[in-house]
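Trainee: Quick note: the sequence shown, position 258, residue 257 per numbering that gives the first Met the number 0, numbers continuous. Think of the CB as a built atom: it goes at the ideal place given N, C-alpha and C, for glycine as much as any other residue. Below you will find the structure I want to go over with you.
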Amino acid sequence: MMNIIEAASLKKLNTFGMDVSADYLSEVNSPEEIQQVLEFRDKKNIPLFILGGGSNILFSRNIHELVLLNRLKGIEIVDENSNHVWVQASAGENWHQFVQYCINNDWGGIENLSLIPGNVGASPMQNIGAYGVEIKDVFHSLEAVNLSDGKTKEFSAKECSFGYRESVFKQEEKGKWLITKVNYKLTKDNHILKTGYGAITSELEAMNVKKPSIQSISEAVIRIRRSKLPNPEEIGNAGSFFKNPVVDISVMQQIQSQYADVVNYPAGENQVKLAAGWLIEKAGWKGYRKGDAGVHKNQALVLVNYGHSAGNEISDLADQIIEDIENKFGVKLEKEVNIY
Ligand code: EPU
């Protein structure tokens, strides 16, 4: 039977460590409990707020809603042939534990996504990506419950409309679905190793790995992430706070005329993707701190809470950075973290 807590603290349920409360909080462990929460919502007539791992969210207010905490668990093989396995994971599984489970079974495709905080359900929600891989590369389908009528629907990759840190669930379908299960198509043999992302190659060299495997790539990614990104258990943060902006080549050339070392990647015809971390660092924000809100000293794309920062102090800092980058480089950064 579902359990509902009134005036619940959300501090431990968001990686920024924001000390806000929810009017109601319910942890959901089964499909039956989802239906019970929907009934409770209808009876009380309060809006629902879906929370997963809380690793891409900035709370700047108390949540006067019914927070549904997705705790659905389970991993199973749904199909396989000699080269591939279709694995289904419930949305409340911890992402990194799922990655490790796959690597231990020698299933390949998500090793580059090791150590990303959050849960399985967030992986399609924002098409998580790192070190040259995005979830859309291995995604097969997902199941989600419609929050208005409680019915389950399957979404194909196409229906998810994946983009860079984007999906239909952050756009036109926002707030309408509870993702319950995600199906991935992984390799069993002939793994396609993606070592092209600069830092991986050099890390594998530093590790003395001559013949990379999904295990060693995962280890390399873990080492890189640990060296650059703050551990949310120690310093509150939600990973990259901004997206890397895609701009016209002319904008990049303008910056290049002043800074020859501007970091950029091809992004289709006449456009390039800039490294927002580089822009923020060049603008002098890296390591900046005001009160308990700051810009991480090793990765300028990550905003941090050193202890007791309020959500609006972090988002004010983000707005200041956006304004400064626009003035200095003519590039408008977009926030990647969901702010409430
Ligand atoms: N850079 C700087 N200064 C900084 C940070 C970065 O000059 O303070 C430069 C780096 O030297 C490098 C380039 O910017 O040349 C890219 O840096 P990095 O490899 O650290 O990756 P990123 O573009 O800053 C993105 C993702 C990360 C992901 C990494 C690795 C976004 C918004 N972020 O960051 O994702 O882990 O690539 O693939 O796309 C996240 O989404 O939360 C996240 C951490």
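Could you check if P46 is buried or exposed, using at least 16 other CB atoms within 10 Å of its CB as the buried criterion?
Mentor: Counting Cβ neighbours within 10 Å, P46 comes out exposed, since fewer than 16 surround it.
Trainee: Would you call K157 buried or exposed, if buried means 16 or more other Cβ atoms sit within 10 Å of its Cβ?
Mentor: It is exposed - the Cβ of K157 has fewer than 16 other Cβ atoms within 10 Å.
Trainee: Any heavy atom of the ligand EPU inside 7 Å of the beta-carbon of W277?
Mentor: Indeed, a heavy atom of the ligand EPU lies less than 7 Å from the Cβ.
Trainee: Could you tell me whether the stretch 20-28 touches the stretch 56-74, where touching means 3 or more Cβ pairs closer than 8 Å?
Mentor: Output reads yes: the stretch 56-74 touches the stretch 20-28.
Trainee: If I'm right that L91 touches N118 with Cβ under 8 Å, what's the distance once you round it to whole angstroms?
Mentor: Per the sequence shown, the amino acid found at residue 91 is Gly instead of Leu. 6 Å between Cβ atoms; contact.
Trainee: Count the other CB atoms within 10 Å of the CB of A275; is the residue buried (16 or more) or exposed (fewer)?
Mentor: Under this definition A275 is a buried residue.
Trainee: Counting pairs of Cβ atoms below 8 Å between the stretch 101-111 and the stretch 212-222, do you hit three or more?
Mentor: Contact holds: three or more Cβ-Cβ distances are below 8 Å.
Trainee: Quick check on F58: does DSSP put it in helix, strand or coil?
Mentor: If DSSP states are grouped into helix, strand and coil, F58 belongs with coil.
Trainee: If you draw a straight line from the alpha carbon of N2 to that of E204, how long is it in whole angstroms?
Mentor: Computed Cα separation, rounded: 51 Å.
Trainee: Give a single yes or no on whether L203 has its beta carbon closer than 7 Å to a heavy atom of the ligand EPU.
Mentor: No, Cβ of L203 sits at least 7 Å from all heavy atoms of the ligand EPU.
Trainee: With a threshold of 7 Å, establish whether the CB of K327 neighbours any heavy atom of the ligand EPU.
Mentor: False, no ligand heavy atom lies under 7 Å from that Cβ.
Trainee: Which stretch, first to last residue, makes up the beta strand (DSSP E) that contains E153?
Mentor: Here the beta strand (DSSP E) through E153 covers 151-155.
Trainee: Beta strand (DSSP E) containing A6: first to last residue?
Mentor: Residues 3-8.
Trainee: Assign R288 to one of two classes, buried (16 or more other C-beta atoms within 10 Å of its C-beta) or exposed (fewer than that).
Mentor: Flag for R288 reads exposed.
Trainee: Suppose you measure from the CA of I234 to the CA of F15; what does that come to, to the nearest Å?
Mentor: Straight-line Cα distance between these residues: approximately 8 Å.
Trainee: Using beta-carbon positions only, say whether K334 and F241 come within less than 8 Å of one another.
Mentor: Closer than 8 Å, so yes.
Trainee: Kindly indicate the opening and closing residues of the alpha helix (DSSP H) around D323.
Mentor: Unbroken alpha helix (DSSP H) run through D323: 310-328.
Trainee: Put I134 into one of helix, strand or coil per three-state DSSP.
Mentor: DSSP places I134 in helix when its eight states are reduced to three.
Trainee: Does at least one heavy atom of the ligand EPU sit under 7 Å from the Cβ of A317?
Mentor: No, the Cβ of A317 stays beyond 7 Å of every heavy atom of the ligand EPU.
Trainee: Tell me whether V98, by its Cβ, gets closer than 7 Å to a heavy atom of the ligand EPU.
Mentor: The answer is no for V98.
Trainee: Which word fits E79, buried or exposed, when buried means at least 16 other C-beta atoms lie within 10 angstroms of its C-beta?
Mentor: Label assigned to E79: exposed.
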